[in-house]
Amino acid sequence: MTSLKNRVILLSCGSFNPITNMHLRLFELARDFLQGTDCFKVEGGIISDKLARDFLHGTDRFEVVGGIVSPVNDGYKKKDLICAKHRCEMVNLALTDSQWIKLDCWECDQEGWTPTAKVLEHHQSVLDAITSSSNIHINKRLRLDVDNLNAANSNNSTSSRSWDLSQPVHIMLLCGGDLLESFSVPDLWLETDISKIVGKHGLVVITRKGSNPEKFIYESDLLTKFKNNIHIVTEWITNEISSTSIRRALRRGNSVKYLLPDPVLQYIKEEGLYASNANES
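According to the UniProt record's numbering, the stretch in the sequence shown is residues 1 to 281, in order.
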């Protein structure tokens with residue numbers, strides 16, 4: 001039986017340098033919102049506009065099939081970015097206990113940095129090929145990615161981590177409010193890429209309490225055009241964990257326990273990552 005809900009897989013792109021508990025938290029917030037499990041019943045009284053918006057838009061129109069963490073390529077050349085080998089291994093360790101989120105290294109395995117729009121297109125092509133009843137005509141390069149994902153699903157078939165790809169599924173970009181606001185930075189994004197990301201795939205934006213993403217969207221003609229594809233989720237539990245602050249703490253020899261998964265912390269210690277004298281090549 002075909003599902004009446006929009007089946008989606010959430011894709012999170014970023015440095016993950018290192019991956020933190022907050023990165024994983026974004027996936028949970030987005031899934032709860034899209035599937036409607038963060039809705040609440042109001043018996044009476046007055047609620048704020050933002051609470052009302054969360055209530056009205058946090059419906060069960062979507063079925064979240066899975067999540068993908070896609071570390072950026074080393075060619076991104078961001079300050080203090082350690083090699084993809086370490087970042088991917090840390091993501092893999094962080095997702096050991098996840099029931100639905102997977103690591104995908106396609107982006108960091110490319111010869112250089114890949115625009116986010118192309119990363120989304122790649123994953124959508126792979127998923128379309130898998131869910132299509134006639135995927136024998138796809139090109140050899142895509143065939144390899146399809147076979148890899150099929151194999152990964154098969155290997156996880158005895159666990160709840162296996163995705164249901166028996167029906168079409170749509171890729172959506174999961175991000176924080178800072179990425180949404182970066183769309184207005186001159187020369188940072190191609191307008192055609194923004195159109196593809198928001199218009200074709202859609203955004204789930206996790207914002208902090210007190211921010212005003214609706215105003216930012218309203219002030220952009222392009223984002224307003226696709227505003228129905230932008231899903232705003234407010235993180236009401238304040239959490240300021242960032243990879244930057246964690247790297248700083250590690251560099252200074254301070255504890256970061258409980259800020260990132262224990263297996264990731266253990267890996268960082270074993271490999272000597274982010275220390276003031278660490279070799280990050």
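For glycine and all other residues, C-beta sits at the position ideal for the given N, C-alpha and C.
Distance check for L95 and I268, CA to CA, integer angstroms please. Locating residue 268 in the sequence shown gives position 268, where the first residue counts as 1. Locating residue 95 in the sequence shown gives position 95, where the first residue counts as 1. Rounded to whole angstroms, I268 to L95 spans 16 Å at the Cα level.
Mind checking I68: buried by the 16 CB within 10 Å criterion, or exposed? As a working note, residue 68 is residue 68 in the sequence shown. Buried, by the Cβ-count rule.
Taking just the CA atoms, how far does Q266 sit from P18? The residue labelled residue 18 in the question sits at position 18 within the sequence shown. The residue labelled residue 266 in the question sits at position 266 within the sequence shown. Spanning the two alpha carbons is a distance of roughly 12 Å.
Does the beta-carbon of N73 have 16 or more other beta-carbons within 10 angstroms, so that it is buried, or is it exposed? Numbered from its first residue, the sequence shown carries residue 73 at position 73. Its Cβ being crowded by 16 or more others within 10 Å, N73 is buried.
Between the CA atoms of F33 and P213 - distance to the nearest angstrom: Position 213 of the sequence shown, counted from the first residue, corresponds to residue 213. Position 33 of the sequence shown, counted from the first residue, corresponds to residue 33. The alpha-carbon atoms of P213 and F33 are separated by roughly 16 Å.
Mark W163 as exposed unless 16 or more other C-beta atoms lie within 10 angstroms of its C-beta, in which case mark it buried. Here residue 163 is taken as the residue at index 163 of the sequence shown, counted from 1. The residue in question, W163, is buried, as its Cβ has 16 or more Cβ neighbours within 10 Å.
Quick one: using the 10 Å Cβ neighbour count with 16 as the cut-off for buried, is L188 buried or exposed? Here the question's residue 188 lines up with position 188 in the sequence shown. Classification of L188: exposed, given that the 10 Å Cβ count is below 16.
Alpha carbon to alpha carbon, what distance is there between H122 and S166? Position 166 of the sequence shown, counting from 1, holds the residue named residue 166. Position 122 of the sequence shown, counting from 1, holds the residue named residue 122. Cα-Cα distance, rounded: 19 Å.
Rank K85, E111, V169 and L103 by C-alpha distance to the C-alpha of V126 and give the top, closest one. Position 126 of the sequence shown, counted from the first residue, corresponds to residue 126. With distances taken between Cα atoms, V126 lies closest to V169.
With C175 as the anchor, note down where its beta strand (DSSP E) starts and where it stops. Mapped onto the sequence shown, residue 175 falls at position 175. Here the beta strand (DSSP E) through C175 covers H170 to G176.
Output the boundary residues of the alpha helix (DSSP H) element that contains T192. In the sequence shown, residue 192 corresponds to position 192, counting from 1. T192 -> alpha helix (DSSP H) spans E191 to I194.
Cβ distance (whole Å) where N6 is taken to contact R61 below 8 Å: To locate residue 6, count along the sequence shown from 1; it is residue 6. To locate residue 61, count along the sequence shown from 1; it is residue 61. Contact flag correct, Cβ pair sits at about 6 Å.
Just how far apart, CA to CA, sit L250 and A275? Within the sequence shown, residue 250 is the residue found at index 250, counting from 1. Within the sequence shown, residue 275 is the residue found at index 275, counting from 1. Taking the straight line from one Cα to the other gives about 6 Å.
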